[in-house]
């Protein structure tokens, strides 16, 4: 016998606006940060991240 419980919490308008604006600002920062960065900086960052995760890349 499977029992399913569903609960929902409705967020206030202020909470939804805060979450939406935060997501928008974070996304804009990532897009413009990557778009305006020097390509060698992006390559070096990706390279160092792969090593940090223990993934061999060369």
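Numbering (our numbering), first residue to last: 10 to 67.
Note that beta-carbon positions come from the ideal geometry of N, C-alpha and C, so glycine has one too.
Residue i - containing alpha helix (DSSP H), residue span
| i | result |
| --- | --- |
| residue 47 | Per DSSP, residue 47 belongs to no alpha helix (DSSP H) and is neither H nor E. |
Residue i (DSSP reduced to helix, strand or coil)
| i | result |
| --- | --- |
| residue 20 | coil |
| residue 14 | coil |
| residue 63 | coil |
Beta carbon proximity, residue i to chain D, threshold 7 Å
| i | result |
| --- | --- |
| residue 23 | The chain labelled as chain D is not found in the depicted structure, where only one protein chain is given. |
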